Amino acid sequence: MPSILSEILGQLRAIWSRLDAGQRLTIGAVLTVAAVGLGAIVWYAQQPDWVVISSRPETFSQAAEALESAGIKTKQDGLKVMVSRQDYDRGLRALDSAGLRADSTSTKSVLDTLTSSAETNRARLWAARVNAIEAKIAKSRAISFVQITAAQPTRREFSGERDTNGATVMIRLARGADFNNAARFAGSAAASGLQLPLEKVVVYDTEGDRVYTFKSQAGGASGDGSEFLRLQMMWENTLATKAREVLYKVFQEDFEVTLTLALKPTVTQSKSINPPESGLQPNVTESTSKEDQSGPNNGSGSPGGAPATGQGGSSGVASSTTDKTEKKITDVSLYGVKSVAQLAPFIERISVAVVANSESEVVKNMKGELKAVEDLVKSAVGFDKARGDEITAKSLPFAPLPPPVEAPSPDMMALAEKFGPPVGQVLAVLLVILFLRSTMKRAQGKRPPPEPERSVIDENTEALEPSEVARRMRREIERAIHEDPKAISRMLDNWLTEQKA
Numbered sequence: 001m002p003s004i005l006s007e008i009l010g011q012l013r014a015i016w017s018r019l020d021a022g023q024r025l026t027i028g029a030v031l032t033v034a035a036v037g038l039g040a041i042v043w044y045a046q047q048p049d050w051v052v053i054s055s056r057p058e059t060f061s062q063a064a065e066a067l068e069s070a071g072i073k074t075k076q077d078g079l080k081v082m083v084s085r086q087d088y089d090r091g092l093r094a095l096d097s098a099g100l101r102a103d104s105t106s107t108k109s110v111l112d113t114l115t116s117s118a119e120t121n122r123a124r125l126w127a128a129r130v131n132a133i134e135a136k137i138a139k140s141r142a143i144s145f146v147q148i149t150a151a152q153p154t155r156r157e158f159s160g161e162r163d164t165n166g167a168t169v170m171i172r173l174a175r176g177a178d179f180n181n182a183a184r185f186a187g188s189a190a191a192s193g194l195q196l197p198l199e200k201v202v203v204y205d206t207e208g209d210r211v212y213t214f215k216s217q218a219g220g221a222s223g224d225g226s227e228f229l230r231l232q233m234m235w236e237n238t239l240a241t242k243a244r245e246v247l248y249k250v251f252q253e254d255f256e257v258t259l260t261l262a263l264k265p266t267v268t269q270s271k272s273i274n275p276p277e278s279g280l281q282p283n284v285t286e287s288t289s290k291e292d293q294s295g296p297n298n299g300s301g302s303p304g305g306a307p308a309t310g311q312g313g314s315s316g317v318a319s320s321t322t323d324k325t326e327k328k329i330t331d332v333s334l335y336g337v338k339s340v341a342q343l344a345p346f347i348e349r350i351s352v353a354v355v356a357n358s359e360s361e362v363v364k365n366m367k368g369e370l371k372a373v374e375d376l377v378k379s380a381v382g383f384d385k386a387r388g389d390e391i392t393a394k395s396l397p398f399a400p401l402p403p404p405v406e407a408p409s410p411d412m413m414a415l416a417e418k419f420g421p422p423v424g425q426v427l428a429v430l431l432v433i434l435f436l437r438s439t440m441k442r443a444q445g446k447r448p449p450p451e452p453e454r455s456v457i458d459e460n461t462e463a464l465e466p467s468e469v470a471r472r473m474r475r476e477i478e479r480a481i482h483e484d485p486k487a488i489s490r491m492l493d494n495w496l497t498e499q500k501a
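So, in structure tokens, the structure goes:
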């Protein structure tokens, strides 16, 4: 053993021998806790870091069997298969060999590669695109599982147009997630990735019967009806809040206003424009006009050989009349049925209920007449009597407010969970500091006791009386005994030993 290790062990033994039972117990407890913590850290560091290698439900069992047959340890979390990070590359190769990956690169012969058709390659690219879109949607915290079913777009003969196919998106929501928001995100991502119209994408919830569809703007409200209801409730709260604010600003008193609003779900209006006559046949209008033509008379007479007649015959000028017919056809494209899209639904009817506290001074001064309150509420909510709106105002006593409930004091377990970690850390630091301080003091060893101070006698001591000298010596001895009684006892022991010798 090297000499330095021997010296260290010797010093440790010397320090341990100088410690009492309490200090040894403290040191043993600290060393035990440190060893257990270090062992836990080493054990946790040796645990495998699990990563997801397969999350497709349809290939769950096949992927697990392929990985286990390759000698790779797996862990199953729901419908996901996980392997350690060190075995991730081996797991990918095992899944590729089993053909369980969309981008599988299993070995093929040259003949198979050469004879693979363009349609097969196109199908593989389409499957890879679908998998990429699923991976993008799965990154959302609101979605725990997603599966897209979409047929590859086909091309028509003698045309480059694509058939309008659809897509179905199956999602499983995470705990506490909203279906409408998650479905809207998943449907939009699928539509943009697959280059499909939003109207052709349908989103289903795997754990319920909820369905989300995208409708065109001209067809009505989008969503499964919840968007329309949310819009209606938002308008109700907005109008009711506006009425309460107006009443409070005027009367400085709280009024209870409840508003119910009914909207027309359609946002498209159709208008028929009929032609003046029955049917959609072109309307032909004929008009006849006469034109007079005149010219010099060449003596040949009329075109029929007869001599020209008229007042201008003698002057040598001939005249004729021609009938001209004009036809006017009215365009029928102006007639028919036209659809006009609106930005928001129409308000079909509003019902308002206003309740005033009869115990308040403001209502008492009104003497039960709430006409002013009704007028303010009507102006605030946009009341329209022709539309069938209704308003009711009553003066009733309000129920007394319940007494405030004191917040319960936190129990000991809650306080321990809240303040336990920081207090434990502070105590651990103090324990280590005290332990190190006591250990350093013990390690320094016992120093030899200081020699007792010799009495200082002035030069004029000889001039003092013997009784005064004895009195001074006695005081010096008492002071030395009071300061260090052990030193005096050792000095007496040494003196007695010398006397006996």
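Take the sequence shown: its position 49, counted from the start at 1, is 49 in this note's numbering, and no numbers get skipped. Cβ coordinates follow ideal geometry from the N, Cα and C atoms, glycine included. Here the structure is a predicted model, which means the values were calculated and not measured.
Counting the other Cβ atoms within 10 Å of the Cβ of Glu7 gives fewer than 16, which makes it exposed. In this structure Ile53 touches Tyr88 by the C-beta definition: roughly 6 Å separates them, less than 8 Å.
Looking from the CA of Asn121, the closest CA among Ala64, Phe214, Phe145, Gln152 belongs to Gln152. The criterion of a C-beta distance shorter than 8 Å is not satisfied by Thr59 and Glu68. If you ignore the 5 residues before and after Pro48, its C-beta comes within less than 6 Å of the C-beta of Ser84, all in its own chain and listed in chain order.
Uninterrupted alpha helix (DSSP H) stretches at least 4 residues long and entirely within the stretch 50-80 occur at 60-69, given in chain order.
Just so you know, the alpha carbons of Ile350 and Ile391 end up roughly 8 Å apart. Remark: fewer than three beta-carbon pairs, one from each stretch, lie closer than 8 Å, so the stretch 168-183 and the stretch 234-242 are not flagged as touching. Beta bridge pairing from DSSP links Arg349 with Ala262. Listed in chain order, the beta strand (DSSP E) elements of length 3 or more contained wholly in the stretch 141-201 are 143-150, 167-173.
DSSP lists Val352 as the bridge partner or partners of Ile391. By the criterion of a C-beta distance shorter than 8 Å, Gln62 is surrounded in its chain by Ala98, Leu100, once the five residues flanking it on both sides are discounted. Assignment of Leu370 by DSSP, reduced to helix, strand and coil, places it in the coil class. Per DSSP, Thr206 lies in no alpha helix (DSSP H) and is assigned neither H nor E. In this structure Ile148 is buried. Its beta-carbon is surrounded by 16 or more other beta-carbon atoms within 10 angstroms. In the three-state reduction of the DSSP assignment, Leu100 falls in the coil class. Counting every other CB atom within 10 Å of its CB across the protein chains shown gives Ile4 a total below 16, marking it as exposed. Taking C-beta atoms under 8 Å as the contact rule, Leu376 and Val246 qualify, at a distance of about 5 Å. When C-alpha distances from Lys136 are compared across Leu92, Glu359, Ala182, the shortest belongs to Ala182. Nearest in C-alpha terms to Asn165, of all of Val211, Ala64, Pro197, Ser188, is Pro197.
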